[in-house]
Amino acid sequence: MAESVKIADYGKKIVSWKVPEYDKHERGRGWYVISAICGLLFLAYAFFSGNFLFAAIIIIAALVIIMHDGREPIKVDFGITDEGLLVGKRFYDYDEIKDFAIVYKPHQEVKNLYFEFKSLLKPRLSIPLNNLNPLPIRENLLRYLPEDLERTDQPVSEALAKMFKL
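Position in the sequence shown counted from 1, then plus 5, gives you this note's numbering.
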């Protein structure tokens, strides 16, 4: 787990693993039928109310879901170094990060590491822990970042995305 490998100019690697670019959900035939019905109802409402921008948004969202559904998520390297986080080719310095939280509830299939940024324009970074032990990761991160002990559950947005298989 603890390695002393120097990564370019990003500091000494503490721990790293591969994470999927996004969560891929298994969708059955029923999901597609319900989604198509909802999409058609929204389109009908948009046309009857004369809201053509809403209709365009529904069509674009449907196209994005259809195009995105056939792809498998790319595995991205995630690393914790002594100077920051490395996500694929993107580096986040610890100065940019407000805090971290670990939500580890294996019985609910929630094993994630969350990073909140100081900038309001950057979204929360959610990293799956897969089968890793969260304790050594937590111990290493506590050297550099404060821990958000109030976060005990996954965010509502992630729970809804998981429930609706988005």
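Every residue gets a Cβ at the ideal spot worked out from N, C-alpha and C, and that includes glycine.
> Are the stretch 62 to 73 and the stretch 101 to 117 touching, with three or more C-beta to C-beta distances below 8 Å?
Replying inline: no
> Using a Cβ-Cβ cut-off of 6 Å (strictly less than) and excluding sequence neighbours within five positions of V24, which residues of its own chain qualify?
Replying inline: V81, F83, I132 and P133
> Closest by CA to I63, which one among L46, E101 and D104?
Replying inline: L46
> What does a CB cutoff of less than 7 Å around A106 pick up in its chain, not counting 5 residues either side in sequence?
Replying inline: Y119, E152, D153 and R156
>> Which residue wins for smallest C-alpha separation from D74, given the options L48, Y97, W36 and A49?
In response: W36
>> Assuming D87 and G16 are in contact, meaning their beta carbons sit under 8 Å apart, how far apart are those beta carbons, in whole angstroms?
In response: 4 Å
> Taking buried to mean at least 16 other C-beta atoms within 10 Å of its own C-beta, is V108 buried or exposed?
Replying inline: buried
>> Assuming the contact rule is C-beta atoms closer than 8 Å, F122 and I102 should be a hit. Round their C-beta distance to whole Å, please.
In response: 6 Å
> Who are N117's beta bridge partners in DSSP?
Replying inline: V108 and P133
> For the stretch 26 to 95, which segments carrying the beta strand (DSSP E) assignment without a break, of at least 3 residues, lie completely within its bounds, in sequence order?
Replying inline: 80 to 86 and 89 to 92
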